[in-house]
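Here the structure comes first, spelled out in structure tokens, and everything after it is commentary.
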Amino acid sequence: MPNKVFVVGVGMTKFEKPGSRDWDYPDMAREAGRKALDDAGINYDAVEQAYAGYVYGESTSGQRAIYELGLTGIPIINVNNNCSTGSTALFLATQAVRSGQVNCSLALGFEKMQKGSLGSTYDDREQPMMRHLLALAELQEFSMPPAPYMFGAAGKEHMERFGTTAEQFAAIGVKNHRHSRNNPYAQFQDEYTLDEILASRPIYGPLTKLQCSPTSDGAGAVIVAGERFIDEHDLADRAVEIVGQAMVTDLNSTFDDKSAISLVGADMTRTAAQRVYEQAQITPDDIDVIELHDCFSTNELLTYEALGLCGEGEGGKLVDADDTTYGGRWVVNPSGGLISKGHPLGATGLAQCSELTWQLRGDADARQVPGATTAVQHNIGLGGAVVVTAYQPAQR
1 MPNKVFVVGV GMTKFEKPGS RDWDYPDMAR EAGRKALDDA GINYDAVEQA
51 YAGYVYGEST SGQRAIYELG LTGIPIINVN NNCSTGSTAL FLATQAVRSG
101 QVNCSLALGF EKMQKGSLGS TYDDREQPMM RHLLALAELQ EFSMPPAPYM
151 FGAAGKEHME RFGTTAEQFA AIGVKNHRHS RNNPYAQFQD EYTLDEILAS
201 RPIYGPLTKL QCSPTSDGAG AVIVAGERFI DEHDLADRAV EIVGQAMVTD
251 LNSTFDDKSA ISLVGADMTR TAAQRVYEQA QITPDDIDVI ELHDCFSTNE
301 LLTYEALGLC GEGEGGKLVD ADDTTYGGRW VVNPSGGLIS KGHPLGATGL
351 AQCSELTWQL RGDADARQVP GATTAVQHNI GLGGAVVVTA YQPAQR
């Protein structure tokens, strides 16, 4: 029978504008990793295996980063899975513990990014997203840069099919910027009106600049352990159980549907969420707080539907009803999300886990969702992979 797996320590740096702070990725990793170890109350030599996630970096950057915590000879595996890199590292660390191969593992993600929109590193070979981009170009006129084009096109399709408005997408930006005011780790902590969001620089389709996640520097770290480990170290009172987790990559429907919404991963998310709900024996109605991948406001609305918070085409109604903020049915992205907290690709999924761990412990300060007992995390990387994870306190 698979072992239970618990989050026992989390830590992250403040997410920063690239180049605004005098640090390098080993500094980021040391800060986030030390915080996670201190949070768990353990030394690095208790960790038996580590997974280091980053997108932009040289081979074995993971070793260089984690060596800041110690040199114990443990296996360190480098992980790169586009924007879902951090949650992929967590997925692997969880698998290692659940299988019984190790008692305690570390997932650490970091990113030192260039300013501006994401670009390619290697131009002498086919780009990983080329198949997706060519498929989308058959549906909507191509534009650069690719990421806002893809998610903006998905938003346009949603508007055409379901009558969703630019104001509904912009309201998600309003919400997430408002939430980030209470997050000291967020890159931005400014609040904007709906008119200000709408009036910011147009990007593609319904997207404006203030509805897009920025490039960021930063790191996050999560320590997971098995039941025997938490008993031996007396960690049960602060442990958070991973009660469901699934990773899904692109399906036939990604391309066969001839839909921008499918091309940006809606079916991956839907499939992963269904598997997690079955594993955890929960429904969307049981969830209190969600950290989801709002790389763009359009993707947050699409993800409402893919996670089953509402029916297809009904995401705008959740926005209008304030159902995804404090006082509503769910609190979505209390951290400010990627739009306002920032998006250092390798760290994003681990920062989401950190936020939800704090929420379930009751340690989220001014961001606290009252009485939160069930949390869901969603992290997506195009090209593609989605990781969905459900959490509950170990002692309920």
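The sequence shown begins at 1 in my numbering and counts up one residue at a time. Built from N, CA and C at the ideal position, the CB exists for glycine as well. Owing to the predicted nature of the structure, the values given are computational and were not obtained by experimental measurement.
Problem - First and last residue of the uninterrupted beta strand (DSSP E) at Phe110 - result: 104 to 111
Practice task
May I ask which residues mark the beginning and end of the alpha helix (DSSP H) holding Val97?
Solution key: 85 to 98
Problem - Cut-off 7 Å between Cβ atoms - residues of its own chain near Ala29, not counting five sequence neighbours on either side - result: Ala65, Ile66, Glu68, Leu108, Phe110, Ala219
Exercise for the section: Pull up the distance between the alpha-carbon of Arg98 and that of Arg161, whole angstroms please. Expected result: 42 Å
Exercise for the section: Using the DSSP secondary-structure output, state which residues sit across from Cys212 in a beta bridge. Expected result: Phe296
Practice task
Whole angstroms is fine: what's the gap from Asp217's alpha carbon to Gly349's?
Solution key: 14 Å
Practice task
Could you say which of Leu318, Met144, Glu232, Glu58 lies nearest to Ile203 if we only look at CA atoms?
Solution key: Met144
Exercise for the section: Quick one: grab the DSSP three-state call for Leu69. Expected result: coil
Practice task
Whole angstroms is fine: what's the gap from Phe188's alpha carbon to Lys341's?
Solution key: 6 Å
Problem - Which of helix, strand or coil DSSP assigns to Pro2 - result: coil
Handout entry: Rounded straight-line distance, which links the Cα of Glu227 to that of Glu141
Key = 53 Å
Practice task
Decide if the segment 300 to 313 is in contact with the segment 258 to 274; the criterion is three or more beta carbon pairs, one per stretch, under 8 Å apart.
Solution key: yes
Practice task
Could you name the residues of the same chain whose beta carbon sits closer than 7 Å to that of Gly205, not counting the 5 residues immediately before and after it, in chain order?
Solution key: Gly152, Ala153, Gly155, Lys156
Exercise for the section: May I ask which residues mark the beginning and end of the alpha helix (DSSP H) holding Gly337? Expected result: 337 to 341
Handout entry: Distance, Ala260 Cα to Phe169 Cα
Key = Distance between the alpha carbons of Phe169 and Ala260 is about 16 Å.
Problem - Where Asp22 sits in the DSSP three-state scheme - result: The answer is coil: DSSP assigns Asp22 none of H, G, I, E or B.
Problem - Cutoff 6 Å; reference Ile290; Cβ partners in own chain excluding five residues on either side - result: Within the same chain, Ile290 has close Cβ partners Trp330, Val332, Val376.
Practice task
Could you tell me whether the segment 81 to 95 touches the segment 51 to 59, using the rule of 3 or more Cβ pairs below 8 Å?
Solution key: Yes, the segment 81 to 95 touches the segment 51 to 59.
Practice task
Would you mind reading off the limits of the alpha helix (DSSP H) that contains Asn379?
Solution key: No alpha helix (DSSP H) holds Asn379; the beta strand (DSSP E) holding it covers 375 to 381.
Exercise for the section: With a threshold of 16 other CB atoms inside 10 Å of the CB of Leu198, please say whether the residue is buried or exposed. Expected result: buried
Exercise for the section: Pair every Cβ in the segment 226 to 246 with every Cβ in the segment 354 to 369, then say whether three or more of these pairs are closer than 8 Å. Expected result: Judged by Cβ distances under 8 Å, the segment 226 to 246 makes contact with the segment 354 to 369, as three or more pairs qualify.
Practice task
Can you tell me which of Tyr149, Val5, Lys14, Ser59 puts its alpha carbon nearest to the alpha carbon of Ala93?
Solution key: Val5
Practice task
Since I believe Gly328 is in contact with Asp322 (beta carbons under 8 Å), could you give me their beta-carbon distance rounded to a whole number of angstroms?
Solution key: Right, the Cβ-Cβ distance comes to about 5 Å (below 8 Å), so this counts as a contact.
Practice task
Can you give me the start and stop residues for the beta strand (DSSP E) that Met159 sits inside?
Solution key: Not the beta strand (DSSP E): Met159 falls in the alpha helix (DSSP H), residues 146 to 162.
Handout entry: Cβ neighbours of Ser297 in the same chain (closer than 6 Å, five flanking residues each side left out)
Key = Phe169, Ile172, Gly173, Gln211
Handout entry: For Tyr326, the three-state DSSP class (helix, strand or coil)
Key = coil
Exercise for the section: Take Val224 as the anchor and find which of Leu301, Leu106, Glu300, Met159 has the nearest alpha-carbon. Expected result: Leu106
Practice task
Would you kindly report the start and end of the unbroken beta strand (DSSP E) that includes Ile77?
Solution key: 76 to 79
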